[in-house]
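Since the structure comes first, as C-alpha cells, the remarks are kept for the end.
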Amino acid sequence: MSRKLRAAVAQLGPIHLADSREAVVKRLCALLREAHSAGVKFVVFPELALTTFFPRYWMTDQAEIDRYFERDMPSPETRALFDLAKELGIGFYLGYAELTQEKGAPRHYNTSILVDPDGRIVGRYRKIHLPGHSEHLPQAPFQHLEKRYFDVGNEGFRVWRMQGAVMGMCICNDRRWPEAYRVMGLQGVEIVALGYNTPIENIHHREPEHLRMFHHLLSLQAGAYQNAAWVLAAAKCGAEDGHAMIGGSAIVAPTGEIAALALTEEDELIATNLDLELGEYLRRTVFNFEKHRRVEHYGLITSRTGAKTEV
Ligand code: CDV
Numbered sequence: 083m084s085r086k087l088r089a090a091v092a093q094l095g096p097i098h099l100a101d102s103r104e105a106v107v108k109r110l111c112a113l114l115r116e117a118h119s120a121g122v123k124f125v126v127f128p129e130l131a132l133t134t135f136f137p138r139y140w141m142t143d144q145a146e147i148d149r150y151f152e153r154d155m156p157s158p159e160t161r162a163l164f165d166l167a168k169e170l171g172i173g174f175y176l177g178y179a180e181l182t183q184e185k186g187a188p189r190h191y192n193t194s195i196l197v198d199p200d201g202r203i204v205g206r207y208r209k210i211h212l213p214g215h216s217e218h219l220p221q222a223p224f225q226h227l228e229k230r231y232f233d234v235g236n237e238g239f240r241v242w243r244m245q246g247a248v249m250g251m252c253i254c255n256d257r258r259w260p261e262a263y264r265v266m267g268l269q270g271v272e273i274v275a276l277g278y279n280t281p282i283e284n285i286h287h288r289e290p291e292h293l294r295m296f297h298h299l300l301s302l303q304a305g306a307y308q309n310a311a312w313v314l315a316a317a318k319c320g321a322e323d324g325h326a327m328i329g330g331s332a333i334v335a336p337t338g339e340i341a342a343l344a345l346t347e348e349d350e351l352i353a354t355n356l357d358l359e360l361g362e363y364l365r366r367t368v369f370n371f372e373k374h375r376r377v378e379h380y381g382l383i384t385s386r387t388g389a390k391t392e393v
C-alpha cells in the first residue's frame, strides 16, 4: 500500500517592525485555510514566523530583545492558529523565538515545533548552527546577531513519528550543514521540515546575488537526495522595513528534484503529494546506510571541528 501525505510550504512575505503578532497570526490562519481548501494535511511555516527578523538590529536592552520572544507556546496570540489547525485537522511546523528558564536562568532559543492535527505539540527543535556574530558591526549594512540573541540548541537533531511519517526539523542555516540531515537520516527521517530567513546580501563578503538562491537550493537538494528524504523549506522573504530576503520556498523530493517552488516574495502556498515510498529505492540501493557507510573512516567528523592541514 502506498503511503502519501499531502503537504504544503506556507511562505511568508515581509513582517515589519510595526506588525503585531495578531496581524501575523491572521496571515498564518489565512494560509492554513488555503491549505485546507487544497486538501493539505501538513503545513510548514518559516523560521521566526511571528516577528520581523530581529537579529538584524543591534539592541543592548534585554527587555527590548525579549519582546521578540514567546514565553509560552501556544501563546495568547498563537492560540487561534492552534485552534484552527485542530478544527481543520492539519499538522504544522512553526518557527519562533523561545524564552525559557533552565536551572533558574533565562535561556533564549531559535525554536521550531511540530504540532499534530489535534493541536498537540509533539516535537521541538532548537537551532544548533547559529550564524552571524555577537559583536556590533557598525560598518555592516545590517547586523546578523543570532550568536548574541540565542543560545545554541541543546536538544540535538531528533525525529518524531507524526501523520504516518518520520519527521525531523532543522532551521535555516542548519540546511547548509550535511551533518544536520545525516543525523536525521540515520534515524530514518522521511520528511525534513525547515524554515529560513536569508538576506539577499552576505554581510561578511560581497557575492553575486544569484548565489544566495543557488546555495539555498543546492543545500536542500543535496540534503534531500543524500538522505532519501522529502525536504520542505519555508521562507520569510521580501523586504522587511527595507531589508530584502530571498524567497524560493521549495518542496524537494528524495531524488533531489524540486517538486514545487514559490514564485513570489509574498505570502504564498505551494503544495505537493508526498509519496513516502519514493525514497525507499535509494535507501535500499545507493544510500543503503547499513551496507555502505564506513564509519571507521568518519571519526574526524565528530572529533574535529575546524579544518587543520597536517601535511
Ligand atoms: N537565519 C539564518 O540562519 N540565515 C542564514 C544566514 C547565513 C544568511 C542562512 O543560512 O540563510
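With the sequence shown counted from 1, adding 82 to any position gets you our numbering. Idealized CB from N, CA, C, for every residue including glycine. Keep in mind it's a predicted model, so treat the numbers as computed, not measured.
Per the DSSP secondary-structure output, A262 pairs with nothing in a beta bridge. The Cβ atoms of V122 and I195 lie no closer than 8 Å to each other. Distance from the CA of L170 to the CA of G381, rounded to the nearest whole angstrom, comes to 47 Å. Look at the segment 232 to 286 and you find these whole runs of beta strand (DSSP E), each 3 residues long or longer: 241 to 244, 247 to 253 and 273 to 278.
Bounds of the alpha helix (DSSP H) holding T384 are G381 to S385. Under the DSSP assignment, V107 falls in the alpha helix (DSSP H) whose first and last residues are R103 to S119.
Counting only residues of its own chain and dropping the five nearest sequence neighbours on each side, P96 has a CB closer than 7 Å to the CB of G320, A321 and E322. If one requires a minimum length of 4 residues, the alpha helix (DSSP H) runs lying completely within the segment 133 to 166 are 144 to 148, in chain order. Y207 places its beta carbon 8 Å or farther from that of M155. Within the segment 287 to 348, the complete alpha helix (DSSP H) segments of 4 residues or longer fall at 292 to 309, listed in chain order.
Rounded to whole angstroms, the gap between the alpha carbons of K86 and L356 is 5 Å. Between G177 and A131, the C-beta gap is smaller than 8 Å, which places the two residues in contact. One thing to note: V91 has its Cβ within 8 Å of the Cβ of L314. Where L360 is concerned, there is no enclosing beta strand (DSSP E), because DSSP gives it neither an H nor an E.
In the structure shown, E350 adopts extended strand secondary structure according to DSSP, grouped into three states.
Closest by C-alpha distance to Y191, out of R202, G201 and H211, is H211.
8 Å or more divides the Cβ of F136 from the Cβ of L110. These are the residues, in chain order, with a beta carbon less than 5 Å from any non-hydrogen atom of the ligand CDV: P213, C254, N255, N279 and T280.
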